[in-house]
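Residue numbers (the numbering used here): 328 to 1004.
Think of the CB as a built atom: it goes at the ideal place given N, C-alpha and C, for glycine as much as any other residue.
Right, here's the structure in full:
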């Protein structure tokens, strides 16, 4: 056994023997000083720990010091009652506090005991109990977080094991502190009982056995009782305070003193307010100004110095950031960051900065959050984060929208105006700046605040500039969603389904289709603005037909037929009929005869003249339907739907092409025109 271990064992045995064997008064003085020194050391160590586990021995040490303090109480009580003497330390403490007035000394001692018992001990006990409870409740979440980091590759197995051990040690520590705090409470109660015994027992023994007078016995044993109580309660107070500090300390970068000075001096302006309050008290209350003004002056000086230090630190941090940026630019790795392309970018001129500046009332960021939520609900995909930045190369009121680094749309806004769109009958009294609505290309005018109300009364649709931008951005995202859905995004959607339907996903991927195959089908659906939110139905269909064909075009047609209820509701309101342009037999036969098969799948090989004729016939019918105020929909047979869509995709991209199999049998179809050769 090592010498240190042997000394600890001897110390514990000695503490127990102190309760039985009388201790000489000189040795008792020595042990009382040691008790005070240990208490001071414990509270200083507690103040200088960054986290509780750095002082993990504290619960056991708390029990040992409590036992040592009780043993000293027993020894001093034995000497007080036997010899009416307890050594220089006890008498000095009692005489110093009493200052010749037993009543005052006794009151001061009682206050100290009440503070120790009611405030410090009771508070430490409650904090330890709550900390233990919350630590145990948080263990499963912390362990799951460690497992998630391990699975993501952020930490290795050794680091994960160390973190788990730390969590277990924290739980054990706070549980032990919860139990050890009960001993502190019991020690405080025992101190009060010993105080009463010393006072009453000593008073009786002094008058009956030692022949003291009433006043002599009262003075002698009161001083000794107060001294004994102070010698034991002051270390107990320090250790209880240390217990409170330990259990209330959160993990930080510094000790208690560092945190206090750093956090209290982080707001120097508040010291000016405190100083001003003190000066007001000195001028307008009976408190003399020469009492408050010096303190106020010190606070003002301290606030001034702290503010200067904070400014210097801010300058140093800016310089450090600039140096780091310069080093990053110089480093070869900095070029790699330039290769990153944002999925969606919104750039605007300096005149449109108030749109995105919340301090100027801009709500563009909030609108973008709503746009992403709307796209998730309508299309079933998670739109990537939209990068917003100003661009001095643009005109002041101009903005552009980029998809994967390429400009796909642009527009121009007048912030102090409203965009008004005519209901079809123009009102000559509504004057403004002519423009084009950017989202749908409709003719419109910019009007001022004065004209807004009159335009609304005339039936104009009036919107503010943020709404114009939000609508334009929403339409662009819907139009290009299929470009934003890659394999990684598709895998995230599939993983989300896997949580509720693991058998479906495991049956489909990768045995039947790969993630890339699923991504192609989803992209083709989104290209025609078909929502993929019902991903379970889509994956079920792919699992059924994926073993027969890997052609994404054919798989997409099967999926569209499975989504017939969704497609029907998308193009018809509840109970309404669907007005369509049907494709005649001659056109269907011409397209079917032009389909060619290859190793990569089927494709349409239609001669240019026939393609041009079909396009013109379709355009004529679409124009007639639009002029009658109806939304054009082209209806054809399932066998040629995808080929007709390919033929019209470049010129009539926004016109939906449906097949009979994609519509519910209950929907009423009204043919508004027929496309024939």
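Item                                                                                                           : Value
From 520, 896, 879, residue whose alpha carbon lies closest to that of residue 400                             : 520
Secondary structure of residue 935, DSSP reduced to three states                                               : helix
Through-space distance from residue 388 to residue 405, alpha-carbon basis                                     : 26 Å
Beta-carbon proximity list for residue 395, same chain, < 7 Å, skipping 5 on both sides                        : 342, 362
Per-residue DSSP class, three states only, for residue 875                                                     : coil
Residue of 801, 571, 999 minimising C-alpha distance to residue 955                                            : 999
CA-to-CA distance, residue 850 to residue 802, given in whole angstroms                                        : 17 Å
Cα-Cα separation between residue 979 and residue 938, rounded to whole angstroms                               : 13 Å
Classification of residue 548 by the beta-carbon crowding that lies within 10 angstroms, buried from 16 upward : buried
Local conformation of residue 994 per DSSP, three classes                                                      : coil
Residue nearest to residue 550 in terms of C-alpha spacing, selected from 562, 434, 923, 477                   : 434
Exposure of residue 726, with buried meaning 16 or more beta-carbon neighbours within 10 Å                     : buried
Cβ pair residue 729, residue 805 closer than 9 Å                                                               : no
Cross-strand partners of residue 928 (DSSP beta bridge)                                                        : 925
Beta-carbon proximity of residue 858 to residue 707, cut-off 9 Å                                               : yes
The segment 684 to 697 contacting the segment 778 to 797, beta-carbon criterion three pairs below 8 Å          : yes
Per-residue DSSP class, three states only, for residue 999                                                     : strand
Spatial distance of residue 640 from residue 605 (CA atoms)                                                    : 29 Å
Helix, strand or coil at residue 1022 [DSSP, three-state]                                                      : Here the chain covers residues 328 to 1004 and nothing more, so residue 1022 does not appear.
Proximity winner among 897, 667, 642, relative to residue 705 (alpha-carbon distances)                         : 897
Three-pair Cβ contact test at 8 Å for the segment 772 to 780 versus the segment 709 to 725                     : no
Contact check, residue 354 vs residue 416, beta carbons under 9 Å                                              : no
Residue 984 to residue 949 span [Cα, whole Å]                                                                  : 12 Å
Counted within 10 angstroms of its Cβ, other Cβ atoms place residue 384 as buried (16 or more) or exposed      : exposed
Through-space distance from residue 357 to residue 345, alpha-carbon basis                                     : 13 Å
Assigned exposure category for residue 787 - 16 Cβ within 10 Å defines buried                                  : buried
Spatially closest choice to residue 560 from 534, 335, 438, by CA coordinates                                  : 438
Backbone CA spacing between residue 347 and residue 543 [nearest angstrom]                                     : 30 Å
Which residues DSSP lists as bridging residue 773, in chain order                                              : 746, 760
Contact set for residue 812: own chain, Cβ-Cβ below 7 Å, skip 5 residues either direction                      : 708, 846, 849, 850, 853
Euclidean distance between Cα positions of residue 594 and residue 441                                         : 35 Å
Distance, residue 974 Cα to residue 762 Cα                                                                     : 33 Å
When 886, 669, 352 are compared against residue 861, the one with the closest alpha-carbon                     : 886
Status (buried if at least 16 other CB within 10 Å, exposed otherwise) for residue 844                         : buried
Spatially closest choice to residue 535 from 409, 934, 814, by CA coordinates                                  : 409
Beta-carbon spacing of residue 716, residue 672 below 9 Å                                                      : yes
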